[in-house]
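Structure record follows, encoded as C-alpha coordinates.
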Amino acid sequence: MTTQTQSGSSKRPAEAPPSGEPAPKKIHPFFIKGTAKPDEPTGSFQWLAPLGKNKTCLQGKNLEPKCCSKVAAFDLDGTIIKFTKQTSSSSGWEWWKSAVPAKIRSVVEEGYTVVILSNQAIKPGALKQWKEKVTSMASKLQDVPFWIFAAISRDQYRKPMLGMWWEVEKIFKAQGVDIDLQSSFFVGDAAGRQYKNQKSDFSSTDRKLALNIGIPFKTPEEYFLDLPSHTNYTLPGFHVSSLPDLPAVTPTLSPIIPRSRDKEIVLFCGYPALGKSSFYFRHFHPANYIHINQDTLKTRDKCIKATREALKRGESCVVDNTNRDIKTRKFYVDLARDEKVPIRLVK
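Using our numbering, you'd call the opening residue of the sequence shown number 10 and step up by one each time.
Structure representation (C-alpha coordinates):
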(Lines of atoms letter the chains of each structure in order from A and count residues from 1; the text may use other names and numbers.)
(Lines give C-alpha, C1' and ligand atoms only; values in the text may rest on other atoms or scores of the structure.)
Protein backbone atom coordinates (compact mmCIF):
# COMPACT_ATOMS: atom_id res chain seq x y z
CA MET A 1 0.00 0.00 0.00
CA THR A 2 1.49 3.30 -1.06
CA THR A 3 0.91 6.80 0.24
CA GLN A 4 0.15 9.59 -2.19
CA THR A 5 1.40 13.12 -1.58
CA GLN A 6 0.29 16.35 -3.17
CA SER A 7 2.66 18.34 -5.35
CA GLY A 8 2.47 21.44 -7.50
CA SER A 9 4.30 24.54 -8.58
CA SER A 10 1.79 27.01 -7.12
CA LYS A 11 -0.29 27.07 -3.97
CA ARG A 12 -4.08 27.31 -3.98
CA PRO A 13 -5.51 29.87 -1.58
CA ALA A 14 -7.18 28.29 1.41
CA GLU A 15 -10.96 28.48 1.54
CA ALA A 16 -12.33 30.73 4.23
CA PRO A 17 -13.89 28.89 7.17
CA PRO A 18 -17.61 29.35 7.90
CA SER A 19 -18.43 32.47 9.89
CA GLY A 20 -17.71 32.13 13.59
CA GLU A 21 -15.60 28.98 13.24
CA PRO A 22 -11.83 29.01 13.83
CA ALA A 23 -9.59 28.12 10.93
CA PRO A 24 -8.34 24.53 11.19
CA LYS A 25 -4.75 24.25 12.38
CA LYS A 26 -2.23 22.93 9.92
CA ILE A 27 -0.48 19.74 11.02
CA HIS A 28 3.01 18.92 9.81
CA PRO A 29 3.03 15.57 7.96
CA PHE A 30 5.65 14.29 10.43
CA PHE A 31 2.95 14.12 13.12
CA ILE A 32 0.36 12.38 10.96
CA LYS A 33 0.59 8.65 11.50
CA GLY A 34 1.24 6.67 8.38
CA THR A 35 1.75 9.56 6.00
CA ALA A 36 5.30 8.62 5.01
CA LYS A 37 7.07 5.35 4.47
CA PRO A 38 10.71 6.10 3.68
CA ASP A 39 11.45 2.50 2.70
CA GLU A 40 8.68 2.20 0.12
CA PRO A 41 9.83 1.25 -3.39
CA THR A 42 11.37 4.13 -5.31
CA GLY A 43 11.48 3.43 -9.03
CA SER A 44 13.06 0.04 -9.66
CA PHE A 45 14.66 -0.19 -6.20
CA GLN A 46 13.22 -1.10 -2.81
CA TRP A 47 14.59 -1.59 0.69
CA LEU A 48 13.44 -4.82 2.34
CA ALA A 49 13.10 -5.76 6.00
CA PRO A 50 16.47 -5.72 7.86
CA LEU A 51 18.02 -9.06 8.74
CA GLY A 52 19.35 -10.46 11.99
CA LYS A 53 18.16 -10.61 15.57
CA ASN A 54 19.01 -6.94 16.07
CA LYS A 55 18.13 -5.85 12.51
CA THR A 56 21.77 -4.98 11.81
CA CYS A 57 21.91 -6.12 8.20
CA LEU A 58 20.10 -3.91 5.71
CA GLN A 59 18.95 -5.50 2.49
CA GLY A 60 17.50 -4.14 -0.71
CA LYS A 61 17.04 -5.12 -4.32
CA ASN A 62 16.83 -3.50 -7.70
CA LEU A 63 14.23 -5.09 -9.98
CA GLU A 64 13.94 -8.87 -9.41
CA PRO A 65 17.45 -10.38 -9.44
CA LYS A 66 17.66 -13.89 -10.85
CA CYS A 67 19.68 -16.37 -8.79
CA CYS A 68 22.47 -17.60 -11.08
CA SER A 69 25.19 -20.02 -10.08
CA LYS A 70 27.80 -17.30 -10.75
CA VAL A 71 27.90 -14.30 -8.40
CA ALA A 72 29.62 -11.00 -9.17
CA ALA A 73 29.99 -9.42 -5.72
CA PHE A 74 31.14 -5.85 -5.16
CA ASP A 75 31.96 -3.50 -2.33
CA LEU A 76 30.16 -0.16 -2.72
CA ASP A 77 32.08 2.89 -1.45
CA GLY A 78 35.35 3.33 -3.30
CA THR A 79 34.51 0.48 -5.67
CA ILE A 80 31.24 1.22 -7.48
CA ILE A 81 30.71 4.80 -6.32
CA LYS A 82 32.55 7.54 -4.48
CA PHE A 83 31.04 10.29 -2.38
CA THR A 84 31.39 13.96 -3.28
CA LYS A 85 31.11 17.07 -1.12
CA GLN A 86 27.70 18.16 -2.36
CA THR A 87 25.24 18.99 0.38
CA SER A 88 22.21 17.28 -1.16
CA SER A 89 21.61 13.99 0.61
CA SER A 90 21.00 11.98 -2.56
CA SER A 91 23.23 13.76 -5.10
CA GLY A 92 26.55 13.65 -3.25
CA TRP A 93 27.96 10.69 -5.17
CA GLU A 94 29.40 9.78 -8.54
CA TRP A 95 30.63 6.64 -10.23
CA TRP A 96 34.06 5.52 -9.04
CA LYS A 97 35.10 5.58 -12.70
CA SER A 98 33.02 6.17 -15.81
CA ALA A 99 33.53 2.53 -16.87
CA VAL A 100 31.62 1.18 -13.85
CA PRO A 101 27.97 1.13 -15.04
CA ALA A 102 28.78 -0.44 -18.42
CA LYS A 103 30.95 -3.08 -16.77
CA ILE A 104 28.20 -4.00 -14.31
CA ARG A 105 25.67 -4.26 -17.13
CA SER A 106 28.00 -6.53 -19.09
CA VAL A 107 28.51 -8.93 -16.19
CA VAL A 108 24.74 -9.39 -15.91
CA GLU A 109 24.62 -10.18 -19.63
CA GLU A 110 27.31 -12.80 -19.01
CA GLY A 111 24.98 -14.67 -16.65
CA TYR A 112 26.08 -13.39 -13.23
CA THR A 113 23.95 -12.26 -10.31
CA VAL A 114 25.19 -8.90 -9.01
CA VAL A 115 25.45 -8.60 -5.21
CA ILE A 116 26.74 -5.56 -3.31
CA LEU A 117 28.21 -6.10 0.20
CA SER A 118 28.97 -2.98 2.23
CA ASN A 119 30.09 -2.09 5.77
CA GLN A 120 28.19 0.94 7.09
CA ALA A 121 28.73 1.46 10.84
CA ILE A 122 27.53 5.07 10.78
CA LYS A 123 25.10 7.20 12.78
CA PRO A 124 21.35 7.08 11.99
CA GLY A 125 21.32 10.51 10.33
CA ALA A 126 24.21 9.65 8.04
CA LEU A 127 22.73 6.21 7.41
CA LYS A 128 19.53 7.81 6.10
CA GLN A 129 21.55 9.88 3.64
CA TRP A 130 23.54 6.81 2.62
CA LYS A 131 20.33 4.91 1.85
CA GLU A 132 19.16 7.83 -0.28
CA LYS A 133 22.42 7.67 -2.23
CA VAL A 134 21.90 3.96 -2.86
CA THR A 135 18.40 4.66 -4.16
CA SER A 136 19.80 7.42 -6.36
CA MET A 137 22.49 5.08 -7.69
CA ALA A 138 19.88 2.42 -8.45
CA SER A 139 17.95 4.97 -10.51
CA LYS A 140 21.00 5.11 -12.81
CA LEU A 141 20.97 1.30 -13.08
CA GLN A 142 17.27 0.80 -13.71
CA ASP A 143 17.95 -2.04 -16.14
CA VAL A 144 20.39 -3.86 -13.83
CA PRO A 145 18.95 -6.28 -11.25
CA PHE A 146 21.05 -6.52 -8.09
CA TRP A 147 20.96 -7.28 -4.38
CA ILE A 148 22.56 -5.05 -1.77
CA PHE A 149 23.41 -5.91 1.84
CA ALA A 150 24.87 -3.50 4.39
CA ALA A 151 26.26 -4.32 7.84
CA ILE A 152 25.42 -1.41 10.15
CA SER A 153 26.97 -2.78 13.34
CA ARG A 154 30.12 -4.59 14.41
CA ASP A 155 28.68 -8.09 14.50
CA GLN A 156 28.65 -11.25 12.40
CA TYR A 157 27.47 -9.35 9.33
CA ARG A 158 30.45 -7.02 9.16
CA LYS A 159 33.13 -7.86 6.60
CA PRO A 160 35.33 -9.87 6.65
CA MET A 161 32.93 -12.05 8.65
CA LEU A 162 30.56 -14.12 6.57
CA GLY A 163 27.13 -13.03 7.81
CA MET A 164 26.12 -11.11 4.68
CA TRP A 165 27.38 -13.87 2.40
CA TRP A 166 25.41 -16.46 4.35
CA GLU A 167 22.27 -14.39 3.73
CA VAL A 168 23.07 -14.47 0.01
CA GLU A 169 23.44 -18.25 0.15
CA LYS A 170 20.05 -18.56 1.90
CA ILE A 171 18.34 -16.62 -0.90
CA PHE A 172 19.97 -18.79 -3.55
CA LYS A 173 19.24 -22.06 -1.75
CA ALA A 174 15.57 -21.07 -1.46
CA GLN A 175 15.59 -20.94 -5.27
CA GLY A 176 17.40 -24.28 -5.51
CA VAL A 177 20.66 -22.71 -6.72
CA ASP A 178 24.14 -23.58 -5.44
CA ILE A 179 26.74 -20.84 -5.91
CA ASP A 180 29.75 -21.82 -8.02
CA LEU A 181 32.55 -20.35 -5.92
CA GLN A 182 35.27 -20.84 -8.52
CA SER A 183 33.29 -18.93 -11.15
CA SER A 184 32.21 -16.17 -8.76
CA PHE A 185 34.34 -13.24 -7.59
CA PHE A 186 34.45 -10.25 -5.25
CA VAL A 187 35.69 -6.74 -6.10
CA GLY A 188 36.69 -4.31 -3.35
CA ASP A 189 39.10 -1.50 -2.55
CA ALA A 190 39.95 -2.63 1.01
CA ALA A 191 42.70 -4.89 -0.28
CA GLY A 192 45.59 -4.25 2.12
CA ARG A 193 47.74 -2.76 -0.65
CA GLN A 194 50.97 -1.08 0.43
CA TYR A 195 52.58 1.80 -1.46
CA LYS A 196 55.78 3.81 -1.01
CA ASN A 197 54.81 7.08 -2.68
CA GLN A 198 51.08 7.16 -2.07
CA LYS A 199 48.58 6.32 0.65
CA SER A 200 48.18 2.63 1.38
CA ASP A 201 44.79 0.95 1.62
CA PHE A 202 42.90 1.78 4.81
CA SER A 203 41.98 -1.86 5.38
CA SER A 204 42.17 -5.37 3.99
CA THR A 205 38.64 -6.50 4.86
CA ASP A 206 37.47 -6.99 1.26
CA ARG A 207 40.37 -9.25 0.34
CA LYS A 208 39.89 -11.16 3.61
CA LEU A 209 36.18 -11.63 2.88
CA ALA A 210 36.97 -13.18 -0.49
CA LEU A 211 39.45 -15.50 1.21
CA ASN A 212 36.90 -16.48 3.86
CA ILE A 213 34.26 -17.20 1.21
CA GLY A 214 36.73 -18.99 -1.05
CA ILE A 215 36.20 -16.92 -4.22
CA PRO A 216 38.65 -15.00 -6.45
CA PHE A 217 39.34 -11.37 -5.53
CA LYS A 218 40.00 -8.29 -7.65
CA THR A 219 40.57 -4.63 -6.85
CA PRO A 220 38.50 -1.97 -8.66
CA GLU A 221 41.56 -1.04 -10.72
CA GLU A 222 42.02 -4.64 -11.84
CA TYR A 223 38.36 -5.28 -12.62
CA PHE A 224 37.06 -2.01 -14.05
CA LEU A 225 40.27 -0.62 -15.57
CA ASP A 226 42.07 -3.86 -16.50
CA LEU A 227 45.22 -2.73 -14.68
CA PRO A 228 47.79 -5.31 -13.52
CA SER A 229 47.54 -6.78 -10.03
CA HIS A 230 49.29 -4.99 -7.19
CA THR A 231 51.16 -7.76 -5.41
CA ASN A 232 52.47 -5.81 -2.42
CA TYR A 233 49.72 -6.23 0.17
CA THR A 234 49.43 -7.31 3.80
CA LEU A 235 46.71 -9.18 5.66
CA PRO A 236 47.20 -8.42 9.35
CA GLY A 237 45.45 -10.40 12.03
CA PHE A 238 44.60 -14.04 12.56
CA HIS A 239 44.61 -16.38 9.55
CA VAL A 240 42.12 -19.21 9.90
CA SER A 241 43.86 -20.99 7.03
CA SER A 242 46.89 -21.43 9.30
CA LEU A 243 44.97 -23.86 11.51
CA PRO A 244 45.50 -27.58 10.91
CA ASP A 245 42.66 -29.44 9.19
CA LEU A 246 41.10 -31.38 12.07
CA PRO A 247 37.79 -33.27 12.40
CA ALA A 248 34.79 -31.34 13.68
CA VAL A 249 34.56 -33.52 16.81
CA THR A 250 36.56 -36.19 18.58
CA PRO A 251 36.16 -39.07 18.95
CA THR A 252 35.27 -39.20 15.26
CA LEU A 253 33.21 -42.39 15.67
CA SER A 254 30.60 -40.50 17.71
CA PRO A 255 28.04 -38.87 15.37
CA ILE A 256 27.22 -35.24 16.11
CA ILE A 257 23.52 -35.99 15.57
CA PRO A 258 22.54 -39.41 17.00
CA ARG A 259 20.87 -41.79 14.57
CA SER A 260 18.12 -42.55 17.09
CA ARG A 261 17.03 -38.90 17.13
CA ASP A 262 15.48 -39.28 20.60
CA LYS A 263 15.08 -35.99 22.45
CA GLU A 264 18.16 -34.93 24.41
CA ILE A 265 20.05 -32.01 25.94
CA VAL A 266 23.35 -30.97 24.39
CA LEU A 267 25.37 -28.77 26.74
CA PHE A 268 28.04 -26.55 25.20
CA CYS A 269 31.03 -25.57 27.34
CA GLY A 270 33.66 -23.00 26.39
CA TYR A 271 34.81 -19.40 26.50
CA PRO A 272 33.01 -16.69 24.50
CA ALA A 273 33.96 -16.28 20.82
CA LEU A 274 35.17 -19.87 20.39
CA GLY A 275 32.58 -20.65 17.73
CA LYS A 276 29.93 -22.39 19.84
CA SER A 277 27.01 -20.66 18.12
CA SER A 278 28.53 -21.28 14.68
CA PHE A 279 28.87 -24.95 15.59
CA TYR A 280 25.19 -25.03 16.57
CA PHE A 281 24.01 -23.40 13.35
CA ARG A 282 26.23 -25.62 11.22
CA HIS A 283 25.30 -28.96 12.81
CA PHE A 284 22.31 -28.77 15.16
CA HIS A 285 20.06 -26.13 13.61
CA PRO A 286 19.47 -28.20 10.44
CA ALA A 287 18.42 -31.07 12.72
CA ASN A 288 15.79 -28.82 14.41
CA TYR A 289 17.45 -28.64 17.82
CA ILE A 290 16.12 -25.72 19.89
CA HIS A 291 18.73 -23.04 20.56
CA ILE A 292 18.89 -21.98 24.24
CA ASN A 293 21.14 -18.98 24.81
CA GLN A 294 21.49 -16.74 27.87
CA ASP A 295 22.54 -13.74 25.77
CA THR A 296 19.01 -13.85 24.37
CA LEU A 297 17.03 -15.03 27.41
CA LYS A 298 19.11 -12.95 29.89
CA THR A 299 18.93 -15.27 32.94
CA ARG A 300 19.85 -18.86 33.78
CA ASP A 301 16.38 -19.52 35.18
CA LYS A 302 14.81 -18.56 31.86
CA CYS A 303 17.24 -20.85 30.04
CA ILE A 304 16.33 -23.77 32.30
CA LYS A 305 12.62 -23.04 31.87
CA ALA A 306 12.93 -22.85 28.08
CA THR A 307 14.85 -26.13 28.03
CA ARG A 308 12.23 -27.88 30.15
CA GLU A 309 9.38 -26.58 27.97
CA ALA A 310 11.11 -27.75 24.80
CA LEU A 311 11.66 -31.23 26.22
CA LYS A 312 8.00 -31.49 27.19
CA ARG A 313 7.14 -30.64 23.58
CA GLY A 314 9.33 -33.54 22.51
CA GLU A 315 12.13 -31.37 21.13
CA SER A 316 15.88 -31.63 21.67
CA CYS A 317 17.87 -28.63 22.93
CA VAL A 318 21.33 -27.14 22.66
CA VAL A 319 22.27 -24.98 25.67
CA ASP A 320 24.68 -22.55 24.03
CA ASN A 321 26.26 -20.88 27.07
CA THR A 322 29.76 -20.92 28.58
CA ASN A 323 28.63 -23.42 31.30
CA ARG A 324 32.14 -23.15 32.64
CA ASP A 325 31.84 -24.94 36.01
CA ILE A 326 30.33 -28.09 37.45
CA LYS A 327 27.87 -26.10 39.57
CA THR A 328 26.35 -24.44 36.51
CA ARG A 329 26.22 -27.64 34.48
CA LYS A 330 24.53 -29.48 37.36
CA PHE A 331 21.30 -27.50 36.80
CA TYR A 332 20.95 -29.12 33.39
CA VAL A 333 22.13 -32.55 34.55
CA ASP A 334 19.40 -32.49 37.20
CA LEU A 335 16.87 -31.34 34.60
CA ALA A 336 17.83 -34.21 32.29
CA ARG A 337 17.46 -36.65 35.18
CA ASP A 338 14.01 -35.23 36.05
CA GLU A 339 12.83 -35.47 32.44
CA LYS A 340 14.52 -38.86 31.91
CA VAL A 341 16.43 -37.76 28.80
CA PRO A 342 20.12 -38.17 27.91
CA ILE A 343 22.50 -35.23 28.20
CA ARG A 344 25.95 -34.82 26.64
CA LEU A 345 28.68 -32.22 26.82
CA VAL A 346 30.36 -30.59 23.82
CA LYS A 347 33.43 -28.49 24.58
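Think of the CB as a built atom: it goes at the ideal place given N, C-alpha and C, for glycine as much as any other residue.
Neighbourhood of residue i by C-beta distance below 6 angstroms, restricted to the same chain and skipping five residues each side
| i | result |
| --- | --- |
| K168 | N128, T214 and L218 |
| F54 | N71, T144 and A147 |
| G29 | Low confidence applies to G29: its pLDDT is 44, below 50, so where it sits in the model is not reliable enough to give any reading. |
| I157 | G69 and I125 |
| P281 | none |
| L255 | none |
| A159 | L67, S127 and Q129 |
| P225 | F194 |
| C312 | I301, Q303 and L306 |
| A108 | F233 |
Residue nearest to residue i in terms of C-alpha spacing, selected from the options
| i | options | result |
| --- | --- | --- |
| R322 | Y298, R338, F340 and V328 | Y298 |
| L85 | S148, E118 and W139 | W139 |
| F277 | C326, M146 and L244 | C326 |
| T65 | K132, V342, I180 and V249 | K132 |
| K163 | H248, K336, V153 and N63 | Reading the sequence as shown, one finds Arg at residue 163 and not Lys. Out of H248, K336, V153 and N63, N63 has the C-alpha closest to the C-alpha of R163. |
| F233 | I113, P74, T259 and R338 | I113 |
| I180 | Q68, N332 and G284 | Q68 |
| G87 | E103, P74 and L283 | E103 |
| V201 | T228, I125 and I335 | Per the sequence shown, residue 201 should be read as Gly rather than Val. With distances taken between Cα atoms, G201 lies closest to T228. |
| I301 | F288, T316 and F290 | T316 |
| G223 | V249, K336 and N206 | V249 |
| I274 | V328, L262, K205 and D310 | V328 |
| A319 | Y289, F290 and V350 | V350 |
| T266 | F340, F290, I335 and S115 | The displayed chain sequence assigns Ile, not Thr, to residue 266. Selected option, being the one with the closest Cα: F290. |
| L344 | E324, D334 and K314 | K314 |
| L60 | I161, E141, E118 and T261 | I161 |
| K356 | W174, P225 and G284 | G284 |
| G101 | M173, A108 and E141 | E141 |
| K137 | W56, I89 and A257 | W56 |
| N330 | V342, R346 and S286 | S286 |
| G52 | D152, F83, K272 and A58 | D152 |
| D271 | Y166, W175 and E324 | E324 |
| F288 | K106, A257 and I90 | A257 |
| D310 | Y341, I335 and S269 | Y341 |
Chain-order list of residues whose beta-carbon lies under 7 angstroms from that of residue i (same chain, five-residue window excluded)
| i | result |
| --- | --- |
| N221 | P169 and L171 |
| Y121 | C77, K79, V80 and A81 |
| E178 | I188 |
| E231 | S238 |
| P110 | W104, K149 and L150 |
| G246 | none |
| V357 | In the structure displayed, the chain extends from 10 to 356; residue 357 sits before or after that span and is not available. |
| W175 | none |
N- and C-terminal bounds of the alpha helix (DSSP H) containing residue i
| i | result |
| --- | --- |
| F233 | P229 to L234 |
| I113 | V109 to E118 |
| A257 | Neither: A257 is in no alpha helix (DSSP H) and is coded neither H nor E. |
| K217 | T214 to I222 |
Test: residue i CB closer than 7 angstroms to a CB of chain D
| i | result |
| --- | --- |
| I335 | Here there is only one protein chain, and chain D is not present. |
Residue i: first and last residue of the uninterrupted beta strand (DSSP E) it sits in
| i | result |
| --- | --- |
| I90 | I90 to F92 |
| L126 | Y121 to N128 |
| L72 | Neither: L72 is in no beta strand (DSSP E) and is coded neither H nor E. |
| R353 | I352 to V355 |
| P59 | F54 to L60 |
| F247 | No beta strand (DSSP E) holds F247; DSSP gives it neither H nor E. |
| F195 | F194 to V196 |
| F211 | F211 -> no beta strand (DSSP E), and no H or E assigned at all. |
| K205 | From DSSP, K205 is part of no beta strand (DSSP E); its letter is neither H nor E. |
| E103 | W102 to W104 |
| K79 | K79 to F83 |
Residues near residue i in its chain [Cβ-Cβ closer than 8 angstroms; skip 5 each side]
| i | result |
| --- | --- |
| P264 | none |
| V186 | C76, C77 and S78 |
| R338 | L276, C278, N332 and L354 |
| T243 | G201, Q203 and S213 |
| E73 | P154 |
| D210 | D198, A199, A200, G201, R202, Q203 and Y242 |
| E348 | R317, L320 and K321 |
| Q184 | C76 |
Within the chosen definition, does the region 212-224 reach the region 190-198 through at least 3 CB pairs nearer than 8 angstroms? Under the Cβ criterion (8 angstroms, minimum of three pairs), the region 212-224 counts as touching the region 190-198.
Taking the runs of the alpha helix (DSSP H) that are 4 residues or longer, which of them lie wholly in the region 136-182? none
Whole beta strand (DSSP E) runs in the region 275-334 with 3 or more residues, listed along the chain? 299-301 and 326-328
Does the region 180-190 come close enough to the region 87-94 to have 3 or more Cβ pairs within less than 8 angstroms? no
Do the region 284-295 and the region 305-317 make contact, defined as three or more Cβ pairs closer than 8 angstroms? The region 284-295 is not in contact with the region 305-317.
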